[in-house]
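J.: For reference, the structure I am asking about is given below.
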Amino acid sequence: IEGAGTRVINGVRTYLSCWKYQLRYQCDFPDTCAELADNCTTTSSRCKTLQNGVCVEKEYTKTCPVTTCSATKLHCLDATFCLDGDCYGAMPAQSKDFAKSAAALAALSEAAKGLGDPPRIFTGQGMHCTDKAFGFADCCKDSGWGTDIGLAKCSEQEKALGQAKEQGLTIALGSYCATKILGACVRKKKGYCVFDSKLARIVQAQGARDQLGLGFGSAKHPRCEALTPEQLQAIRFDRIDFSDFFDDMRGNAQLPSAKEIQERLRSAYGE
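For the sequence shown, the numbering used here begins at 124 and goes up steadily by one.
Shown next as structure tokens:
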């Protein structure tokens, strides 16, 4: 860029054909760093290619965060709805743990209702009924409490106990002699622990009694005490059989029909 000529340097006339050169370099190496995400950070760098003392290719080491994504699909009834044309192949699989997990969660939710000061979790009540022996009315039968046939002599408590037995809310404690004449038993009664829900009965029977060894007293003197938070925490819910309760959950479930699902889809997407 500065051509031939004579110049005086330190008092000496000097001639050069070119006094100043301009060097231009062309780098054909691809920029692979542009393909990385903007949130990648540089951890180190080095010169990979050096030409005439000039670094023409530099290598960077970068760290990039990794995002893990999961695909979710909803399969309703026997039809798969493909709203955007991208459908999944239906691969139905039955969960063996859902019933147990759902019942255990319901048990904890039910227990939370009894929290207070002091806490009364899964509390019960002792109740009795008169055995039909010795000419008394059968006020201890396990079914048929929807009618008043033959139950006129039964007390209101015995009727309530009978209905609780039909609903699976009771734990039987045995029988005892309620009345003796001349040393002979003329009337027997049976004792029960009655709970507010089937869940409470299941947890008390399989958790408090079978796991923790807590008793319910005797048929004559039932002890249907509530559980403490410490006792509830010690129960292994994964060892409790909730199938009886889960059958009720499944029977009471209100599932939408295919027509209702279609109407909800039309409403949601403005069709």
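Even for Gly, the Cβ is constructed at its ideal location relative to N, Cα and C.
(1) Select from GLY297, ALA307, LYS313 the residue whose C-alpha is nearest the C-alpha of GLN280.
(2) Along the chain, where does the beta strand (DSSP E) containing ARG130 start, and where does it finish?
(3) From GLN334 to ALA328, what does the alpha carbon distance come to, in whole angstroms?
(4) Looking only at its chain, what residues have a beta carbon closer than 6 angstroms to the beta carbon of ASP265, apart from the 5 residues adjacent to it on each side?
(5) Only counting the same chain, and skipping five residues up and downstream in sequence, which positions put a Cβ closer than 7 angstroms to that of ASP367?
(6) Pull up the distance between the alpha-carbon of ARG136 and that of TYR144, whole angstroms please.
(7) Measuring alpha carbon to alpha carbon, tell me which residue in VAL179, PRO188, GLY285, GLN174 is nearest ALA160.
(8) VAL131: buried (16+ other C-beta within 10 angstroms of its C-beta) or exposed?
(9) Give me the Cα-Cα distance between CYS170 and CYS178, rounded to the nearest whole angstrom.
(10) From which residue to which residue does the alpha helix (DSSP H) around GLU353 run?
(11) Could you check what DSSP says for TYR138 in three-state terms: helix, strand or coil?
(12) Using DSSP with H/G/I as helix, E/B as strand and the rest coil, what is SER278?
(13) Can you name the start and end residues of the alpha helix (DSSP H) that LYS321 belongs to?
(14) Would THR293 be called buried (16 or more neighbouring beta carbons within 10 Å of its own) or exposed?
(15) How is LYS343 classed by DSSP in three states: helix, strand or coil?
(16) Indicate whether ASP254 and LYS311 have their beta-carbon atoms separated by less than 8 angstroms.
(17) Short of 7 angstroms in beta carbon distance, which residues of its chain neighbour ALA301, apart from the five on each side in sequence? Order them along the chain.
T.: If we stick to the structure as given:
(1) Here residue 280 is taken as the residue at index 157 of the sequence shown, counted from 1. The residue from GLY297, ALA307, LYS313 with its alpha-carbon nearest to that of GLN280 is LYS313.
(2) For this step, residue 130 is matched to residue 7 along the sequence shown. Bounds of the beta strand (DSSP E) holding ARG130 are 128 to 132.
(3) Position 211 of the sequence shown, counted from the start, is the residue given in the question as residue 334. Position 205 of the sequence shown, counted from the start, is the residue given in the question as residue 328. Within the model, the alpha-carbon separation for GLN334 versus ALA328 is close to 9 angstroms.
(4) To locate residue 265, count along the sequence shown from 1; it is residue 142. Correct list, in chain order: LYS288.
(5) The count along the sequence shown starts at 1 and reaches residue 367 at position 244. A distance below 7 angstroms between beta-carbons, with the five flanking residues on each side excluded, links ASP367 to the following residues of its chain, in chain order: GLY291, LYS321, ILE325.
(6) Stepping through the sequence shown from its first residue, residue 136 is reached at position 13. Stepping through the sequence shown from its first residue, residue 144 is reached at position 21. The straight-line gap from Cα to Cα measures roughly 20 angstroms.
(7) Translated into the one-based positions of the sequence shown, residue 160 becomes position 37. Among VAL179, PRO188, GLY285, GLN174, the Cα nearest to that of ALA160 belongs to PRO188.
(8) As a first step, residue 131 is located in the sequence shown; it is residue number 8 there, counting from the start. Burial call: exposed.
(9) Locating residue 170 in the sequence shown gives position 47, where the first residue counts as 1. Locating residue 178 in the sequence shown gives position 55, where the first residue counts as 1. Looking at the two C-alpha atoms, the distance is approximately 6 angstroms.
(10) In the sequence shown, counting from the first residue as 1, residue 353 sits at position 230. Per DSSP, the continuous alpha helix (DSSP H) segment holding GLU353 begins and ends at 352 to 357.
(11) On the sequence shown, residue 138 is found 15 positions in, with the first residue counted as 1. Strand.
(12) The residue you call residue 278 lines up with position 155 of the sequence shown. In the structure shown, SER278 sits in coil (DSSP, three-state: anything other than H, G, I, E or B).
(13) Counted from its first residue, the sequence shown places residue 321 at position 198. Taken as a continuous stretch (DSSP letters only), the alpha helix (DSSP H) holding LYS321 covers 321 to 326.
(14) By 1-based counting over the sequence shown, the position of residue 293 is 170. A residue is called buried when at least 16 other Cβ atoms come within 10 angstroms of its Cβ; THR293 meets this threshold and is buried.
(15) For the purposes of this step, residue 343 is identified with residue 220 of the sequence shown, where counting begins at 1. The three-state secondary structure of LYS343, taken from DSSP, is coil.
(16) To locate residue 254, count along the sequence shown from 1; it is residue 131. To locate residue 311, count along the sequence shown from 1; it is residue 188. Against a cut-off of 8 angstroms, the Cβ pair of LYS311 and ASP254 comes out as a contact.
(17) Numbered from its first residue, the sequence shown carries residue 301 at position 178. Same-chain partners within the cutoff: ARG310, LYS311, LYS312.
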